[in-house]
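**Student:** Here the sequence shown stands for residues -23 to -1, 1 to 501, numbered as in mature numbering (1 follows the signal peptide of the UniProt record, and there is no 0).
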Amino acid sequence: MGTKPLLHLLFLLFLSYHCRIKAETEVAALLKWKSRLSSPISLLSWSSSNASSLCNWHGITCNSAGRVTALELHNPDLEGNLDDLNFTALSTLTQLNLNNNMLSESIPGTISALSNLTFLDLSSNGFAKMPPEIGSLLNLLDLRLFNNNLADAIPYQLSYLKKVRHVDLGFNYFTNPDNSQFQVMPSLVNLSLTLNSLDNEFPAFILQCPNLIYLDLSRNNFSGPIPENIGTQLVNLEYLNLDFNSFNGKIPLSLAKLPKLRDLRLGSNFFTGRIDTAFGNLSNLQFLELGNNTLEGPIPSSFGKLGKLEHLDLNLANLNSSIPPELGFCRKLYFINLSNNQLTGGLPPSFSNLTQMMYFGVSGNSLSGNISPDLFVSWTHLVSFQVQNNNFSGIFLGGRFGNRFDDLVFYTNNFTGPIPEEIGKLVNLVQLDLSMNYLVGPIPKTIGNLKQLNSLSLFYNNLNGTIPEEIGNLIALQSLDINTNLLEGVLPVQFLIWRICGFSPSSQTSSLARSLRISAKIAR
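1) With 16 other CB atoms within 10 Å as the buried threshold, where does phenylalanine 480 fall?
2) Does the distance from the CB of aspartate 383 to the CB of leucine 406 come in under 9 Å?
3) Can you tell me the Cα-Cα spacing of leucine 403 and asparagine 380, whole angstroms?
4) Closest to leucine 463 by CA distance: which of Asn317, Thr423, Tyr415 is it?
5) Going by DSSP, which residues form a beta bridge with methionine 79?
6) For the structure I just gave you, are there three or more beta carbon pairs, one from the region 135 to 155 and one from the region 83 to 91, closer than 8 Å?
7) Indicate the three-state DSSP secondary structure (helix, strand or coil) for valine 4 in the structure shown.
8) Leaving out five residues before and five after leucine 454 in sequence, what residues of the same chain have Cβ atoms less than 7 Å from its Cβ?
9) Identify every run of the beta strand (DSSP E) within the region 158 to 192, keeping only runs that are complete inside it and at least 3 residues long; order them along the chain.
10) Where are the beta strand (DSSP E) runs, 3 residues long or more, that stay fully inside the region 213 to 290, in chain order?
11) Could you tell me the distance, in whole angstroms, from the CA atom of leucine 235 to the CA atom of glutamine 408?
12) Mind checking leucine 31: buried by the 16 CB within 10 Å criterion, or exposed?
13) Under 8 Å from any heavy atom of the ligand ADP, does the C-beta of alanine 28 make it?
14) Apart from the five residues just before and just after alanine 181, which ones in its own chain have a Cβ nearer than 7 Å to its Cβ?
15) Would you list the residues sitting across from histidine 143 in a DSSP beta bridge?
16) With a threshold of 16 other CB atoms inside 10 Å of the CB of proline 187, please say whether the residue is buried or exposed.
17) Residues in the same chain with beta-carbon distance under 6 Å from serine 361, minus the five sequence neighbours each way, listed in chain order, please.
18) If distances are taken between C-alpha atoms only, which option among Asn213, Asn153, Asn441 comes closest to glutamate 465?
19) Using a Cβ-Cβ cut-off of 8 Å (strictly less than) and excluding sequence neighbours within five positions of glycine 268, which residues of its own chain qualify?
20) According to the Cβ coordinates, are residue 522 and isoleucine 228 closer than 9 Å?
21) By Cβ distance below 7 Å, which residues in the same chain neighbour residue 510 in space, the five residues on each side in sequence not counted?
22) Measuring alpha carbon to alpha carbon, tell me which residue in Asn426, Asp240, Asp176 is nearest leucine 192.
23) For the alpha helix (DSSP H) containing glutamine 210, list its first residue and its last residue.
24) Which one or two residues does DSSP pair with glutamine 363 in a beta bridge?
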């Protein structure tokens, strides 16, 4: 045998020995960690008697050399911590997924030994502290720590991760980082800091992340204005959620120049000023939420150009105008909430074009006129229709609705006419509130078909006749209020009385009378 073949053989023997030693080290590290966990039933395959089959252990993936490259134990109910996991012995690990367990205490700084790690998911556990050493994982592409008990300042060393694309630190108790030491994160595409305890101004380092597509800072206490140049710095932004903060000032016009923006959520802040007509140029916008702010002026008619818009929420936005008929061109709309503004006029006939409509709310305005029956011919997917606290008038059109309804809320308007027999076809109805109108005639017997009905309010109308026995069939009913009408008769024997002023059934036997004569005069 020549020298070269001999050297080659010796090298292979050394490599085999080296790999075996490394594998034994990995086995020892994993078994020690298992021994510190409480009742790891899911790790039955992890045993010294099965050490030669390490790569077949539950949650383990190996490379061609038999080294562990992935540890994926999401949702196996592991209880314990990471202090006894020897990360140094797992230096070839590229993926660590311990999502949705019961691991607690701090994330140990020794995790920095995982220099090859590209994916780290410790979300939905009970970890209490994020170590600054996490900034040493320079190959990390994806970091997910959401839904833990992580507190204290976000370590600025996080910004050392120049390759990271996805960072989710939401649903924790993080406080403000040292922004002066935060560095540019050029590869960052997805950043979520939702539901923490952050209360500074808009984080300046974010504007230096030009590849950012998804940004969620919602449910914190950020304050001050949104930087005016946000739309020129973050040109790739598709999702922006700043809901439930204390941002103020005007909504930056540069946001209207983001060509890829699909989802814009700025609700529940302190924004002021008008909604600029330029926002109608966001041709890819699907979701727009500006409600619960102190805006002013009209709903821009330019919104009619938002051909991809599906969800529009302007509730409690202090807007004062009529509803622009151009909204009827947004044919993909399935959710509209324009409630609690100062809107006047009627519902535009063009709304009959919105054939995907499921949730419609315009309550708490000064809208008036009749509600066209054409709406309900077109709105075959409608689930919730809430127009309460307006000045709508005309015949109540309950018989025109489809049978998908959950909520039908018409109270405090000027509707007239009888409750139609067809109301009994709304078999999925959970809430029916027609109170404080001018409805006449009897309560239809078909109302007894509404087996899902939880709340029925008909008070302050001109209803007359006998209370139908079929009300006793409403087995899910928790609240019934038919007070202040011209009804007479007795409540069904099976109907248990809970509240005399409105008559609500109870799940427990009542000591009150099982029937009560109703003869309430109109009092308006």
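Just so you know, even glycine gets a beta-carbon here, dropped at the ideal spot from N, CA and C. In this text the structure is predicted, and so the values were computed from the model without any measurement.
**Tutor:** Well, looking at it:
1) In this predicted model, phenylalanine 480 has a pLDDT of only 48, less than 50, meaning its place in the structure is not dependable; the value taken from the coordinates is given anyway. Counting the other Cβ atoms within 10 Å of the Cβ of phenylalanine 480 gives 16 or more, which makes it buried.
2) With a cutoff of 9 Å on beta-carbon distance, aspartate 383 and leucine 406 are scored as near each other.
3) One C-alpha to the other measures close to 4 Å.
4) Selected option, being the one with the closest Cα: Tyr415.
5) Methionine 79 is bridged by DSSP to Glu56.
6) No, the region 135 to 155 is not in contact with the region 83 to 91.
7) Residue state, collapsed to three classes: helix.
8) For leucine 454, the CB contacts under 7 Å within the same chain, skipping 5 residues up- and downstream, are Leu430, Asn431, Leu433, Pro482 in chain order.
9) The region 158 to 192 contains, as complete beta strand (DSSP E) runs of 3+ residues, the segments 167 to 169 (chain order).
10) As summarised for the region 213 to 290, the continuous beta strand (DSSP E) elements at least 3 residues long and confined to that stretch are 216 to 218, 223 to 227, 240 to 242, 247 to 251, 264 to 266, 271 to 273, 288 to 290, given in chain order.
11) Those two C-alpha atoms are separated by around 41 Å.
12) Its Cβ being crowded by 16 or more others within 10 Å, leucine 31 is buried.
13) Absent from the structure shown: the ligand ADP. Ligands present: none.
14) So the qualifying residues of the chain are Asn156.
15) Histidine 143 pairs with Asp119, Asn167.
16) Counting Cβ neighbours within 10 Å, proline 187 comes out exposed, since fewer than 16 surround it.
17) The answer, listed in chain order, is Tyr336, Asp383, Asp384.
18) Nearest option by C-alpha distance: Asn441.
19) Only Gly244, Ser245, Asp290, Leu291, Asn292, Leu293, Ala294, Asn314 meet the Cβ criterion.
20) Past the boundaries of the shown model lies residue 522; the chain is included only from -23 to 501, so the question cannot be answered.
21) Nothing can be reported for residue 510, as the shown portion of the chain is limited to -23 through 501.
22) Per the Cα distances, Asp240.
23) Its alpha helix (DSSP H) spans residues 207 to 210.
24) According to DSSP, which records beta bridges pairwise, glutamine 363 is partnered with Gly338, Val386.
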